[in-house]
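Engineer: The structure that follows is given in the form of structure tokens.
Numbering (my numbering), first residue to last: 60 to 245.
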């Protein structure tokens, strides 16, 4: 079976809530997802992800902790604007081999070749990344509580994407902010 959806967990396990994407992929690995889905923990390997983005995916779902000034543990779905990407020398787009910023990785991938996939980001508002010099192992309680809900969101999203691919009328909904157990459409 051809893999058409990539779920990419992003994050550094030594920096507290930055490990959100890694933990969500770990949570999803205990579930049964359709054969068209490939899940991978990319951690901080931005170059690996950039080259993987060049493969012929229908949809790539990046899962990461992203500060957006919401309450810690708030989940959101974003579809980034990819116009203008592809200049690896652009100001602020240098790539750190020991860290990963999704937009920098997308920029690098676009500089290497065409990124044909639809890109979605499942993000979680972090509480903190640990001590500035020492970091921290483990997620904060608020972000840990969001891992299961993010996994549920991704399962639902995968179902809608596969239905869309098979021309079944199940359109993607508008992005949703989820705080705790309540949903707020954005």
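Every residue gets a Cβ at the ideal spot worked out from N, C-alpha and C, and that includes glycine.
Taking a contact to mean a Cβ-Cβ separation below 9 Å, would you say residue 70 touches residue 164 in this structure?
Structural biologist: Contact flag unset, no.
Engineer: Using 10 angstroms around the beta-carbon of residue 100, count the other beta-carbons present and answer buried if the total reaches 16, otherwise exposed.
Structural biologist: Result: buried.
Engineer: Residue 79 and residue 107 look like a contact to me (Cβ under 8 Å); what is the Cβ gap, rounded to whole Å?
Structural biologist: Not a contact, Cβ separation roughly 19 Å.
Engineer: Assuming residue 98 is part of the beta strand (DSSP E), what are its boundary residues?
Structural biologist: Segment 96-102, the beta strand (DSSP E) holding residue 98.
Engineer: State the CB to CB distance for the pair residue 67 and residue 120, rounded to an integer number of angstroms; the pair is presumed to be in contact (CB under 8 Å).
Structural biologist: Between residue 120 and residue 67 the Cβ distance is about 7 Å, and since that is below 8 Å, they are a contact.
Engineer: For residue 111, write down the residues that DSSP places opposite it in a beta bridge.
Structural biologist: Beta-bridge pairing links residue 111 to no other residue.
Engineer: Checking 9 Å against the spacing of the C-beta atoms, do residue 98 and residue 65 come in under that value?
Structural biologist: Cβ atoms of residue 98 and residue 65: closer than 9 Å.
Engineer: For residue 224, does the count of other Cβ atoms within 10 angstroms reach 16, so buried, or fall short, so exposed?
Structural biologist: Label assigned to residue 224: exposed.
Engineer: Just curious, the alpha helix (DSSP H) that residue 143 is in, first and last residue?
Structural biologist: Careful: residue 143 lies outside any alpha helix (DSSP H) and carries neither H nor E.
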